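Chemist: Here it is, the structure, as structure tokens.
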Amino acid sequence: MIRIPHMLMVLAVFSVLTIGCKSNPQTTGHYIDDTAITTAVKTHLATDGPLKTMTQISVKTVENTVYLTGVAATLQDKNRAEEIARQVEGVQTVVNNITVSP
Numbered sequence: 000m001i002r003i004p005h006m007l008m009v010l011a012v013f014s015v016l017t018i019g020c021k022s023n024p025q026t027t028g029h030y031i032d033d034t035a036i037t038t039a040v041k042t043h044l045a046t047d048g049p050l051k052t053m054t055q056i057s058v059k060t061v062e063n064t065v066y067l068t069g070v071a072a073t074l075q076d077k078n079r080a081e082e083i084a085r086q087v088e089g090v091q092t093v094v095n096n097i098t099v100s101p
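Residues in the sequence shown are numbered consecutively from 0, following numbering that gives the first Met the number 0.
Listed below in structure tokens is the structure:
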């Protein structure tokens with residue numbers, strides 16, 4: 000008889016723990032696409048003449064939206080980074096959160 004209450008307790012704890020877990024709404028396909036976009040944007044930034052020395056720009060892609068963060072030396076560099084990101088195939092939106100700090 001002790002086994003049933005013990006088993007119910009284990010099931011209750013397990014249920015509470017799994018309810019609190021959030022699944023990732025992004026599908027594997029989207030994740031792979033986003034990773035490819037991020038890689039392409041980083042590659043283009045790294046090979047662009049004036050921007051190739053800029054290592055303070057971070058790129059993240061979520062569902063084909065590219066998020067740029069970091070620091071650029073000039074407003075032109077900030078705008079160029081956004082332009083490069085927009086030209087990558089698969090990019091739908093670019094959110095440019097790069098700050099300018101000479």
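Every residue, glycine too, gets a C-beta built ideally from N, C-alpha and C.
Everything numeric in this text was worked out from a predicted model, so none of it was measured.
Grouping DSSP H, G and I as helix and E and B as strand, with all else coil, what is ASN63?
Modeler: Residue state, collapsed to three classes: coil.
Chemist: Below 8 Å on the Cβ atoms is my contact criterion, and I expect VAL40 with VAL58 to pass it. Report the Cβ-Cβ distance as a whole number of Å.
Modeler: 5 Å between Cβ atoms; contact.
Chemist: Quickly, what does DSSP pair ALA71 with across the bridge? List them, please.
Modeler: BP columns for ALA71 point to VAL99.
Chemist: So what does DSSP say about VAL87, is it helix, strand or coil?
Modeler: VAL87: coil per DSSP, three-state reduction.
Chemist: List the residues that DSSP assigns as beta-bridge partners of THR92.
Modeler: THR92 pairs with THR64.
Chemist: Is the beta carbon of GLN91 sitting closer than 8 Å to the one on THR64?
Modeler: Going by C-beta atoms, GLN91 is nearer than 8 Å to THR64.
Chemist: Between GLN55, GLU88 and ARG79, which lies nearest to ASP33 when the distance is taken from Cα to Cα?
Modeler: Comparing Cα positions, the closest option is GLU88.
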